[in-house]
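Trainee: Right, I'll just put the structure down here and ask away after.
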Amino acid sequence: MNVLKITNLSVDYKTSFGIVNAMKNVSFGVEKGKSFVIVGRSGSGKSTVASALMDLTEIDGGQIKSGGIVYGGKDILKMTFDEKRQIRGKKISMIFQDPQSYLNPVVRIERQLFESYEAHNPNASYDETRAKVVEVLNKVRLDDTGRILKSYPHQLSGGQKQRILIAMAIMNNPEILIADEPTTGLDAAIQKQILELISELKKSMGLTLIMITHNMLIAKKYSDTVAVMHNGEIVETGNTEEIFKNPKHEYTKLLISN
């Protein structure tokens, strides 16, 4: 059963060079409880998918030209602002790829984590909020909670900051978790730890995972279904084992061979 269905989604960006068609009639379904990985080289349009799913297209300077995103039997693109707020960050959440840009450098981690919970639980008491924050920090294996909470982002390592973003993303027990290049800028050992952590959270929390990556090895190891993007289009999609065993599209064959 598909928990999320994207149909004929097209996104344009206005640039100094003119209109860029970042996504062209993209369609796919994501099965509940499965890992769906979108793979492609830089500029292929894969992060534009994540932006659209999180209703960030206009903030990022783009415009959805056509198509639909159906979740819970309703088209997110036709929802009111308040209806979207009930989904974004709560039912559908996202791990962003650059904690250095996403985390506020002048605000302690405690306040930033508190705000993630309070955004969807405005009547929560301090004790309830702190208990939830400590709970998710333990889930992402940041056990030194006292120090972590009092720290500013620059006082944490790259891996710790990425774990903070993961904690924010799972704070409100989402159904769908989007991970957009979640290991960017991390060394190989930390990358593996972060990917294994996301995989374990998916299983323990019953998440549906949508991961975006340029790395075919990551796609092969951490997905049930793969969608290959090229020039704003999905050129091939299917069961991961089948895609890697018998790729049909020339671009897919090129990615696998490199």
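For this note's numbering, count along the sequence shown from 1 and bump the result up by 184.
Every residue gets a Cβ at the ideal spot worked out from N, C-alpha and C, and that includes glycine.
Remember, it's a predicted structure, so these values are computed and weren't measured experimentally.
#1: Give me the residue from Thr409, Phe428, Ser441 and Lys437 with the minimum Cα distance to Ile222.
#2: Hey, could you find the ends of the alpha helix (DSSP H) Asn415 is sitting in?
#3: Counting pairs of beta carbons, one from the segment 290–307 and one from the segment 381–396, are three or more of them closer than 8 Å?
#4: Compute the Euclidean distance between the alpha carbons of Lys404 and Tyr255, then round it to the nearest angstrom.
#5: Would the segment 343–363 and the segment 267–283 be scored as touching if the rule is three or more Cβ pairs under 8 Å?
#6: With DSSP as the reference, label Tyr301 as helix, strand or coil.
#7: Residues in the same chain with beta-carbon distance under 8 Å from Asp370, minus the five sequence neighbours each way, listed in chain order, please.
#8: Taking 8 Å as the cut-off, does the segment 237–248 touch the segment 413–422 (at least 3 CB pairs, one atom from each stretch)?
#9: Evaluate the contact criterion for the segment 188–203 versus the segment 248–268: three or more CB pairs, one atom per stretch, below 8 Å.
#10: Could you check what DSSP says for Tyr197 in three-state terms: helix, strand or coil?
#11: Assign Val290 to one of three DSSP states: helix, strand, or coil.
#12: With H, G and I counted as helix, E and B as strand and the rest as coil, what does DSSP make of Ile279?
#13: Just the C-alpha distance for Asn357 and Lys274, rounded to the nearest angstrom, thanks.
#14: Just how far apart, CA to CA, sit Lys216 and Asn399?
#15: Is any non-hydrogen atom of the ligand GTP found closer than 7 Å to the C-beta of Val210, if you look at the structure I gave you?
#16: Quick one: what's got a C-beta closer than 8 Å to Lys483's C-beta in the same chain, skipping five residues either side?
#17: On the DSSP bridge list, what partners appear for Phe212?
#18: Compare the Cα-Cα distances from Met238 to each of Ile362, Gln375 and Lys437 and report the closest residue.
#19: What are the boundary residues of the beta strand (DSSP E) that Ser250 is part of?
#20: For Pro395, name the three-state secondary structure that DSSP assigns.
#21: If you draw a straight line from the alpha carbon of Leu340 to that of Ile332, how long is it in whole angstroms?
#22: I need the straight-line Cα distance from Ile203 to His338, nearest angstrom please.
#23: Look at the Cβ atom of Lys443, then the Cβ atom of Ile354, and state whether they are nearer than 8 Å.
#24: Since Lys230 and Ile396 are thought to touch, with beta carbons under 8 Å apart, how far apart are those beta carbons, to the nearest angstrom?
#25: Expressed to the nearest angstrom, what Euclidean distance is found between the alpha-carbon atoms of Arg314 and Asp266?
#26: Which same chain residues end up closer than 7 Å to Met263 when comparing Cβ atoms and leaving out the 5 residues on each side of it in sequence?
#27: Work out the CA separation of Ser441 and Arg269 for me, nearest whole Å.
Mentor: The structure says:
#1: In the sequence shown, the residue the question calls residue 222 occupies position 38. The residue with the shortest Cα to Cα distance from Ile222 is Thr409.
#2: Within the sequence shown, the letter at position 231 stands for residue 415. Asn415 -> no alpha helix (DSSP H), and no H or E assigned at all.
#3: Contact between the segment 290–307 and the segment 381–396 is absent: fewer than 3 CB-CB pairs across the two stretches fall below 8 Å.
#4: Stepping through the sequence shown from its first residue, residue 404 is reached at position 220. Stepping through the sequence shown from its first residue, residue 255 is reached at position 71. Take the alpha-carbon of Lys404 and the one of Tyr255: they are about 26 Å apart.
#5: Short answer: they touch.
#6: As a working mapping, residue 301 is identified with position 117 in the sequence shown. Taken through DSSP and simplified to helix, strand or coil, Tyr301 comes out as helix.
#7: Taking the first residue of the sequence shown as position 1, residue 370 is located at position 186. It is Leu, not Asp, that sits at residue 370 in the sequence shown. Gly342, Gly343, Gln346 and Ile378.
#8: Contact check between the segment 413–422 and the segment 237–248: fewer than three CB pairs, one atom from each, fall below 8 Å, which does not count as touching.
#9: Yes: the two stretches touch, three or more of their Cβ pairs being nearer than 8 Å.
#10: Within the sequence shown, residue 197 is the residue found at index 13, counting from 1. Tyr197: strand per DSSP, three-state reduction.
#11: To locate residue 290, count along the sequence shown from 1; it is residue 106. Looking at Val290 - three-state DSSP - the assignment turns out to be coil, as it is neither helix nor strand.
#12: Working through the sequence shown from its first residue, we reach residue 279 at position 95. Three-state result, Ile279: strand.
#13: Working through the sequence shown from its first residue, we reach residue 357 at position 173. Working through the sequence shown from its first residue, we reach residue 274 at position 90. In a straight line, the C-alpha of Asn357 is about 7 Å away from that of Lys274.
#14: Working through the sequence shown from its first residue, we reach residue 216 at position 32. Working through the sequence shown from its first residue, we reach residue 399 at position 215. Cα to Cα, Lys216 sits roughly 24 Å from Asn399.
#15: You won't find the ligand GTP in this model; it holds no ligand whatsoever.
#16: Shown here, the chain extends from 185 to 442; a query on residue 483 therefore has no answer.
#17: In the sequence shown, residue 212 corresponds to position 28, counting from 1. Among the bridge pairs identified by DSSP, Phe212 is matched with Ile190.
#18: Position 54 of the sequence shown, counting from 1, holds the residue named residue 238. It is Ile362.
#19: One-based indexing of the sequence shown puts residue 250 at position 66. It spans Gly246 to Tyr255 - the beta strand (DSSP E) in which Ser250 sits, taken as one unbroken run.
#20: Taking the sequence shown and counting its residues from 1, one reaches residue 395 at position 211. Looking at the sequence provided, one finds Met at residue 395 rather than Pro. In the three-state reduction of the DSSP assignment, Met395 falls in the strand class, which pools E and B.
#21: For the purposes of this step, residue 340 is taken as the residue at position 156 of the sequence shown. For the purposes of this step, residue 332 is taken as the residue at position 148 of the sequence shown. Going from the Cα of Leu340 to the Cα of Ile332 covers about 8 Å.
#22: The residue given as residue 203 occupies position 19 in the sequence shown. The residue given as residue 338 occupies position 154 in the sequence shown. Rounded to whole angstroms, Ile203 and His338 show a C-alpha spacing of 37 Å.
#23: This structure gives no information on residue 443, because the portion of the chain shown stretches from 185 to 442.
#24: If you number the sequence shown from 1, residue 230 lands on position 46. If you number the sequence shown from 1, residue 396 lands on position 212. At roughly 5 Å, the Cβ-Cβ gap stays under 8 Å, so Lys230 and Ile396 are in contact.
#25: Numbered from 1 along the sequence shown, position 130 holds the residue referred to as residue 314. Numbered from 1 along the sequence shown, position 82 holds the residue referred to as residue 266. C-alpha separation (whole angstroms): 26 Å.
#26: As a working note, residue 263 is residue 79 in the sequence shown. Closer than 7 Å at the Cβ level, and outside the excluded window around Met263, lies no residue.
#27: Here residue 269 is taken as the residue at index 85 of the sequence shown, counted from 1. Here residue 441 is taken as the residue at index 257 of the sequence shown, counted from 1. Rounded to the nearest angstrom, the two C-alpha atoms are 42 Å apart.
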